[in-house]
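Counting with our numbering, you get residues 357 to 547 for the letters of the sequence shown.
Beta carbons are placed, not taken as given, at the ideal position from N, Cα and C, and that holds for glycine.
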Amino acid sequence: KEVMFLGEIEEILDVIEPSQFIRIQEPLFKQIAACISSPHFQVAERALYFWNNEYILSLIEENCQVILPLVFATLYRVSKEHWNQTIVSLIYNVLKTFMEMNSKLFDDLTASYKVEKQKEMKRERERAELWRGLEEYQERRVQMLTEAARNQRNLQERGERGDPLSPSSPHSDQPEPKPSGANSGAGESAT
């Protein structure tokens, strides 16, 4: 259906006036960018064929300042990631065409794309580090809870055996008894 849609769009663009094209160029090229990024190679291929149409190419060239920023990131990303070599080759041709149309804008967009990609990679690293920290915290917490449960069981077992060191033992809260007959005051004299 997308391939048929793109065919219909191309037929309309073949007869559109430049003034009408300006009104639809932004939503149109956002949709074309979405089609270019399609994993279905026929959809991407059909979208990229717009640059083979001389009249459409002239409309794109007249409005390059608006259109190139809309499709650049998609073209650049898909050129590195798409599984179909024909699509990658077509994208390189489109990028080359844009570079010839407006090399300054192309260079500016390339630089800003690379900066954004670096920021994205930094955010991904930070996110991965945060997850790693949370996982380590969770592991430590599980270990502490396991150790606490083990200690609690040990204390309960001691209490059941009547172990005097156990807090539940009846003798644990009382001070040790003094031997009988011992003087309570060492300095007192017997009279």
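Checklist entry - Hey, out of Gln-474, Asn-419 and Arg-506, whose CA is closest to Arg-379's CA? => result Translated into positions along the sequence shown, residue 379 becomes position 23. The residue with the shortest Cα to Cα distance from Arg-379 is Asn-419.
Next on the checklist: Closest to Leu-424 by C-alpha separation, out of Leu-446, His-396 and Gln-381, would be which residue?
Outcome noted: Working through the sequence shown from its first residue, we reach residue 424 at position 68. If we check each option's Cα against that of Leu-424, Gln-381 comes out closest.
Checklist entry - Within the chosen definition, does the region 452-467 reach the region 475-489 through at least 3 CB pairs nearer than 8 Å? => result no
Item to check | First through last residue of the alpha helix (DSSP H) which encompasses Phe-377 | outcome: Counted from its first residue, the sequence shown places residue 377 at position 21. Segment 374-392, the alpha helix (DSSP H) holding Phe-377.
Checklist entry - Whole alpha helix (DSSP H) runs in the region 433-487 with 4 or more residues, listed along the chain? => result 441-457
Item to check | C-beta atoms of Leu-415 and Pro-383 nearer than 8 Å | outcome: One-based indexing of the sequence shown puts residue 415 at position 59. One-based indexing of the sequence shown puts residue 383 at position 27. Against a cut-off of 8 Å, the Cβ pair of Pro-383 and Leu-415 comes out as no contact.
Next on the checklist: So Ala-389 and His-438 are supposed to be a Cβ contact under 8 Å. How far apart are they, rounded?
Outcome noted: Counting from one through the sequence shown, the residue named residue 389 turns up at place 33. Counting from one through the sequence shown, the residue named residue 438 turns up at place 82. That pair is no contact at about 13 Å.
Next on the checklist: Helix, strand or coil, according to DSSP, for Asn-507 in the structure here?
Outcome noted: The residue labelled residue 507 in the question sits at position 151 within the sequence shown. Reduced to three states, the DSSP call for Asn-507 is helix.
Checklist entry - Does DSSP classify Pro-425 as helix, strand or coil? => result Translated into positions along the sequence shown, residue 425 becomes position 69. In this structure, Pro-425 counts as helix in the three-state DSSP scheme.
Checklist entry - Would you say Phe-406 and Glu-364 are within 8 Å of each other, going by their C-beta atoms? => result Numbered from 1 along the sequence shown, position 50 holds the residue referred to as residue 406. Numbered from 1 along the sequence shown, position 8 holds the residue referred to as residue 364. No; because the gap between Cβ atoms is not below 8 Å, this pair is not in contact.
Checklist entry - Which whole-angstrom value describes the C-beta separation of Ile-392 and Thr-430, a residue pair presumed to lie in contact below a C-beta threshold of 8 Å? => result For the purposes of this step, residue 392 is taken as the residue at position 36 of the sequence shown. For the purposes of this step, residue 430 is taken as the residue at position 74 of the sequence shown. Yes, Ile-392 and Thr-430 are in contact; Cβ-Cβ is about 5 Å, under 8 Å.
Next on the checklist: On the criterion of 16 or more Cβ atoms from any shown chain inside 10 Å, does Ile-481 qualify as buried, or is it exposed?
Outcome noted: Here residue 481 corresponds to residue number 125 of the sequence shown, with the count starting at 1. Contrary to the premise, residue 481 reads as Arg rather than Ile in this sequence. Its Cβ having fewer than 16 others within 10 Å, Arg-481 is exposed.
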